[in-house]
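Peer 1:
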Amino acid sequence: MNINKIKQNSKKIKLEIFKKFIEIKEGHPGSILSVFDIVSCLYLGKFINSKKNTKNNDYFIMSKGHAGSVQYPYLIKNNIIKKSEWQNWKKNKKSILKIFPNNKIPGVDVTSGSLGHGLGIASGLAISNQNETTKKKIWVIIGEGELYEGSTWEALLFIKHHNLYNIKIIIDRNELIILGKTENCLKLNPIKKKLEGFGFKVEQIDGHNYYKIIPSLKKLKDSKETRVLICNTIKGNSVSFMENKRDSHYWQELTKMKKKQLLKELKI
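Just so we're aligned: the sequence shown equals residues 1474 to 1741 in our numbering.
Here is the structure:
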């Protein structure tokens, strides 16, 4: 696997996403930039079986649905979504694409956005899949803010109890929610020890380092044990005026100068 090539292709995709956000004047930039490198490695590294018109595709659940539109370029690349849908998005033409994805969009398995449901849905899919001949992997990305939801911890207990190792859990840990720093709002640490106390194997990595992400995704993919990958990330990563800013959660009106700066920094 050529990691440098994946990094270069990822930069181009990230730039295209933000050109589209500038055009349509909406999006959740901070969260997209937080989770982008993980998602790009999943798709470009071919960890997710995602092909056109096949029932054998893996499931992918972006539980933090406000970041779900990050999937679209990869689903287009895999010929699952038509390129015209991207081109027509917010151009006074009909497009199926939305900032919050829904399961009417090809390649989107779950309508998400109401937080705390991703792992519960994954649990149901995993139990159902036990009766199928093709054993699908169920990739789930949750935001750390979802650890404030009791339903998430109930699902973790269920997953461990039934040894549902085909659920591949990734936590996007950027230490920010809409209200501010998670450790100030309601302390979550030590997340790793809490999950280990549930019986999960847990690995914690830099969620923007491709040389860390790809080997860790391989371990997660191949594991026959219940595992969690915690990715330490930066909200608004790679755009200086968005990094670690709570306000980057929502799209802000950008001046012409800010638009130029945004695109320039994403090209580096």
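For glycine and all other residues, C-beta sits at the position ideal for the given N, C-alpha and C. The structure displayed is predicted, hence computed values, not measured ones.
Roughly how many whole angstroms lie between the Cα atoms of residue 1569 and residue 1549?
Peer 2: So the alpha carbons of these two residues sit roughly 13 Å apart.
Peer 1: Would you list the residues sitting across from residue 1675 in a DSSP beta bridge?
Peer 2: Beta-bridge pairing links residue 1675 to 1701.
Peer 1: Just the C-alpha distance for residue 1632 and residue 1595, rounded to the nearest angstrom, thanks.
Peer 2: 9 Å
Peer 1: Less than 8 Å between the CB atoms is what I'm expecting for residue 1503 and residue 1641, so what's the real figure, rounded?
Peer 2: Wrong, their Cβ atoms sit about 24 Å apart, outside the cutoff.
Peer 1: Opposite residue 1613 in the DSSP bridges: which residues?
Peer 2: 1534 and 1642
Peer 1: Can you tell me the Cβ-Cβ gap for residue 1624 and residue 1589, rounded? I've got them flagged as a contact below 8 Å.
Peer 2: 5 Å
Peer 1: So if DSSP puts residue 1693 in a beta bridge, which residue, or which two residues, is it bridged to?
Peer 2: Note: residue 1693 sits in no beta bridge, so no partner.
Peer 1: Can you tell me whether residue 1535 is buried or exposed, with buried defined as 16 or more other CB within 10 angstroms of its CB?
Peer 2: It counts as buried.
Peer 1: Return the chain-ordered ranges of every alpha helix (DSSP H) run that is complete within the stretch 1487-1549 and spans a minimum of 4 residues.
Peer 2: 1502-1517
Peer 1: Quick one, which of 1721, 1582 and 1724 has its alpha-carbon nearest residue 1529's?
Peer 2: The residue among 1721, 1582 and 1724 with its C-alpha nearest the C-alpha of residue 1529 is 1582.
Peer 1: In whole angstroms, what is the alpha-carbon distance linking residue 1729 and residue 1715?
Peer 2: Distance between the alpha carbons of residue 1729 and residue 1715 is about 16 Å.
Peer 1: Rounded to whole angstroms, what is the Cα-Cα separation between residue 1727 and residue 1649?
Peer 2: 22 Å
Peer 1: Candidates 1563, 1613 and 1475: which alpha carbon is nearest residue 1499's?
Peer 2: 1563
Peer 1: Mapping DSSP to helix, strand and coil, what is residue 1668?
Peer 2: Note: residue 1668 maps to helix in three-state DSSP.
Peer 1: Let me know if residue 1517 comes out buried or exposed under the rule of 16 or more other beta-carbons within 10 Å of its beta-carbon.
Peer 2: buried
Peer 1: What are the uninterrupted segments assigned as alpha helix (DSSP H) that are 4 or more residues long and contained completely in the stretch 1556-1634, given in chain order?
Peer 2: 1556-1561, 1591-1602 and 1623-1634
Peer 1: Quick one: Cα of residue 1665 to Cα of residue 1526, how far?
Peer 2: 38 Å
Peer 1: Identify which residue in 1626, 1689 and 1656 has its Cα closest to the Cα of residue 1669.
Peer 2: Ranking 1626, 1689 and 1656 by Cα distance to residue 1669 puts 1626 first.
Peer 1: In this structure, does DSSP put residue 1485 in helix, strand or coil?
Peer 2: If DSSP states are grouped into helix, strand and coil, residue 1485 belongs with the helices.
Peer 1: What are the start and end residues of the alpha helix (DSSP H) that includes residue 1655?
Peer 2: 1655-1658
Peer 1: Does residue 1476 come out as helix, strand or coil in the three-state DSSP assignment?
Peer 2: helix
Peer 1: For the 8 Å Cβ check, are there 3 or more pairs between the stretch 1693-1700 and the stretch 1644-1664?
Peer 2: no
Peer 1: What's the C-alpha gap between residue 1738 and residue 1533?
Peer 2: 29 Å
Peer 1: On the DSSP bridge list, what partners appear for residue 1650?
Peer 2: DSSP output for residue 1650 lists 1653 as bridge partner(s).
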